[in-house]
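Encoded as structure tokens, the structure appears first; notes follow it.
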Amino acid sequence: MTRFVQDGPALRDPYTSDWQLQGWLERLLGPDGHAAAKGRLAALSADVLGPLRAAHHDAETHPPTLTRFDPWGARIDRVDVSAGWHAQRAAAARHAVVALPYQAAARDTWGAGTRIVQHALLHLWGPESATFSCPVAMADGAAALLTTAAPDSPWLARLTATDPAVAVTSGQWMTESQGGSDIARSTTTARPGPDGRWLLTGDKWFCSAIDAAMAVALARPDGAGPGSRNLAPFLVPRYADDGALPAPGLQVLRLKDKLGTRAVPTGEVRLDDTPAIPIGDPTVPGLARMMTLVVVTRLHNAAAAAGGMRRGLEYALSHAANRQVAGGVLADNPLHRATLGALAVDAAGAYALAAHAFTLLGADPTGDELRLVAPLAKLVTGRLAVASASEYLEAFGGAGYVEDTGIPRLLRDAQVLPIWEGTTNVLSVDVLRALTTGDGARPLLHRAEIAADAATTRLPGVADALIAATRRLAVDVETAAADPRSGRVVAGARELALRLGNTLTAALLLEHAAWAADRGDDRPALLASLWTLRRLGGADVSADLHTHFDQLI
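When we follow numbering that gives the first Met the number 0, the leftmost residue of the sequence shown carries the number 0, and every step to the right adds one.
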């Protein structure tokens with residue numbers, strides 16, 4: 000008897016096979032800018048198809064371990080990680096995934112668009128990084144913070160190095176068990192110590208990439224007042240001078256047994272007069288400084304969501320193309336085509352929103368517009384990523400529920416995205432705050448109005464849906480901005496934030512569609528139409544998803 004064996008999903012070159020990614024790069028960077036980035040993107044894509052996939056698998060199947068004591072009872076708190084994790088660390092440095100925006104040559108080539116190229120690198124690499132994209136995000140955030148608050152720090156050069164022997168990553172130690180996202184309740188203290196250093200004491204509850212060479216920690220300096228704004232960021236060297244033992248007074252209490260991101264060593268840390276270096280003036284309230292880091296890491300979160308959605312879609316498409324069901328290929332089934340088509344539209348929307356956020360980061364990293372878009376991008380893409388990952392598992396049937404296929408990891412890892420760096424509700428409250436700052440939502444609403452007006456001739460029904468949604472949204476934004484702390488406004492903050500994010504995404508997709516249509520490509524217009532009609536107009540677009548399936552993917 001011949002035993003049937005189903006072929007596993009294959010992965011095409013994630014750069015050359017992704018017409019959407021290439022189109023966005025062509026528009027945002029211009030033909031010359033995209034041409035200058037192609038070699039870098041192709042090299043990373045080749046590594047993703049080869050050694051990084053193997054490193055990814057090794058890191059996922061060999062999670063980190065903690066050894067607290069040596070054989071004679073001395074405290075060592077050694078965190079051991081896999082060879083695959085080290086390979087990902089080296090690849091991140093070689094491909095300048097963190098370093099690129101800080102390189103003078105890159106800025107000379109792409110200017111503000113350097114962040115767009117960085118986002119493309121993250122989009123290609125993140126899904127096959129064993130979530131090494133997490134320490135990369137924190138390293139980039141730490142580098143951005145040091146650039147503005149301590150540009151002479153020798154750690155900045157190491158964070159932005161491309162030599163794997165020199166480059167380091169960073170952790171981020173903010174939360175404590177009693178407060179979580181309510182960092183105003185932080186009890187970690189900082190007092191002046193010798194040699195210009197300070198000494199930190201307290202417990203940090205969720206410390207990702209605990210093997211990183213440094214971390215940025217929040218603490219309350221001696222004499223600082225209560226509340227979150229008076230906290231200050233400190234750079235904590237993770238190891239003693241010889242690099243073999245933890246820094247003085249630093250203990251790793253345990254590693255977290257997490258639902259997902261299992262390759263990332265995440266721990267609880269105790270600090271007892273642990274030496275640290277203030278980032279900026281510790282006598283000046285420092286939460287605003289820390290937000291430089293938080294904005295960057297939130298955008299990396301959005302990039303991880305969009306990249307993971309696209310990669311999950313690629314696996315599901317491959318499976319559908321070679322899976323026989325009911326006498327035919329699964330990819331020919333109208334219902335399955337509509338399901339995968341909807342996922343393709345959502346992946347395109349997530350990419351558009353993340354790419355826009357990185358565009359703003361490159362152009363004006365401290366601007367009011369980014370202050371609103373950063374939480375919106377993370378909020379919307381995080382929710383989409385979890386819903387999409389669940390669909391990808393379902394698309395594989397029972398195989399999607401079996402661990403050794405690798406498919407369940409898509410859902411386990413996606414679930415962190417709406418949690419890390421602010422849950423959906425926390426981000427929604429941040430959105431309310433942003434509505435009362437500077438121009439608030441006016442640039443977003445204006446962008447939607449312009450996109451709708453431009454689409455009136457080519458896509459009248461889509462334009463009508465966007466106009467109606469924008470008008471309703473403008474009224475609700477005005478109400479929220481007038482009294483952002485009222486119970487009614489706060490209760491509806493999540494729904495308002497999602498509508499803002501979905502409307503912005505519709506505008507971004509329509510902008511890109513207009514550019515592409517002028518060049519004879521109507522596929523982006525189809526994606527924009529289906530997103531807008533479904534997300535803003537509440538229309539059932541299933542038949543269109545089936546009919547135009549091949550154009551969507």
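Ideal Cβ placement from N, Cα and C applies to all residues, glycine included.
Q.
Using DSSP's beta-bridge definition, name the partner residues of residue 169.
A. Answer is 213, bridged to residue 169.
Q.
In whole angstroms, give me the CA-to-CA distance for residue 315 and residue 550.
A. 16 Å
Q. On the premise that residue 182 lies in contact with residue 266, defined as a C-beta separation below 8 Å, what is that separation, rounded to the nearest angstrom?
A. 19 Å between Cβ atoms; not a contact.
Q: Could you name the residues of the same chain whose beta carbon sits closer than 7 Å to that of residue 417, not counting the 5 residues immediately before and after it, in chain order?
A: 381, 382, 385 and 423
Q: Would you mind giving the Cβ-Cβ distance between residue 236 and residue 217, rounded to the nearest angstrom? I have them listed as a contact below 8 Å.
A: Residue 236 to residue 217, Cβ: 16 Å. No contact.
Q: Spatial neighbours of residue 262 within its chain, please: CB distance less than 7 Å, with the 5 preceding and 5 following residues excluded, ordered by chain position.
A: 58, 59, 62, 84, 129 and 130
(Q) Using a 10 Å radius around the Cβ and a threshold of 16 neighbouring Cβ atoms, would you call residue 614 buried or exposed? (A) Nothing about residue 614 can be reported from this structure: the residues present for the chain run from 0 to 552 only.
**Q.** Among 113, 299 and 46, nearest to residue 362 - alpha-carbon criterion
**A.** 113
Q) Can you tell me whether residue 406 is buried or exposed, with buried defined as 16 or more other CB within 10 angstroms of its CB? A) buried
**Q.** Identity of the residue in 240, 149 and 312 nearest residue 8 by Cα
**A.** When each option's Cα is compared against that of residue 8, the closest is 312.
Q: State buried or exposed for residue 477, treating a residue as buried only when at least 16 other CB atoms are found within 10 Å of its CB.
A: Exposed, by the Cβ-count rule.
Q) For residue 232, which of helix, strand or coil comes out of DSSP? A) strand
Q.
Tell me which residue opens and which closes the beta strand (DSSP E) that residue 267 is part of.
A. 266-277
Q. So residue 45 and residue 87 are in contact, right, with Cβ under 8 Å, and what is the actual spacing, rounded?
A. Actually they do not touch by this definition, with Cβ atoms about 16 Å apart.
Q. Under a three-way DSSP split, which group does residue 491 fall into?
A. coil
Q) Mapping DSSP to helix, strand and coil, what is residue 417? A) Here DSSP, grouped into helix, strand and coil, assigns residue 417 to coil.
Q: Tell me residue 73's beta-bridge partners as DSSP assigns them.
A: DSSP, once it has assigned bridges, lists no residue as partnering residue 73.
**Q.** Coarse secondary structure for residue 550, derived from DSSP in three states
**A.** helix
Q: Taking residue 458 as the reference, give the member of 110, 170 and 526 with the closest Cα.
A: 526
Q. Can you find at least 3 beta carbon pairs, one from the stretch 250-264 and one from the stretch 317-326, that sit closer than 8 Å?
A. Flag = no, the stretch 250-264 and the stretch 317-326 do not touch.
Q: Pick out whichever of 339, 352 and 364 has its Cα sitting closest to the Cα of residue 393.
A: Sorting 339, 352 and 364 by C-alpha distance to the C-alpha of residue 393 places 339 at the top.
Q) Between which two residues does the beta strand (DSSP E) carrying residue 202 extend? A) 197-206
Q | Delimiting residues of the beta strand (DSSP E) encompassing residue 68 | A | 64-68
Q: Compute the distance between the beta-carbons of residue 431 and residue 479, then report whether it is under 8 Å.
A: yes
Q: Quick one: grab the DSSP three-state call for residue 253.
A: strand
Q | Span separating the alpha-carbon of residue 330 from that of residue 144 | A | 47 Å
Q: Give the straight-line distance between the Cα atoms of residue 389 and residue 415, rounded to the nearest whole angstrom.
A: 14 Å
Q) Is it right to say residue 2 is buried, meaning 16 or more other beta carbons lie within 10 angstroms of its own, or is it exposed? A) exposed
Q) residue 60 lies in the beta strand (DSSP E); which residues open and close that run? A) No beta strand (DSSP E) holds residue 60; the alpha helix (DSSP H) holding it covers 50-60.
(Q) So within the stretch 344-429, which uninterrupted alpha helix (DSSP H) runs reach at least 4 residues, ignoring any that extend past its ends? (A) 367-394 and 407-413
Q | Burial state of residue 334, where buried means 16 or more other Cβ atoms lie within 10 Å | A | Within 10 angstroms of the beta-carbon of residue 334 lie fewer than 16 other beta-carbons, which makes it exposed.
Q | Chain-order list of residues whose beta-carbon lies under 6 Å from that of residue 425 (same chain, five-residue window excluded) | A | Here the set comprises 180.
Q.
Give me the DSSP bridge partner(s) of residue 324.
A. 327
**Q.** Spatial neighbours of residue 554 in its chain, beta-carbon cut-off 6 Å, leaving aside the 5 residues before and after
**A.** Residue coverage of the chain in this structure runs from 0 to 552, which leaves residue 554 outside it and unanswerable.
Q: Please report how far the alpha carbon of residue 297 lies from the alpha carbon of residue 0, in whole angstroms.
A: 54 Å
Q) When the Cα atoms are used, what is the spatial distance from residue 285 to residue 172? A) Their backbone Cα atoms lie some 15 Å apart in a straight line.
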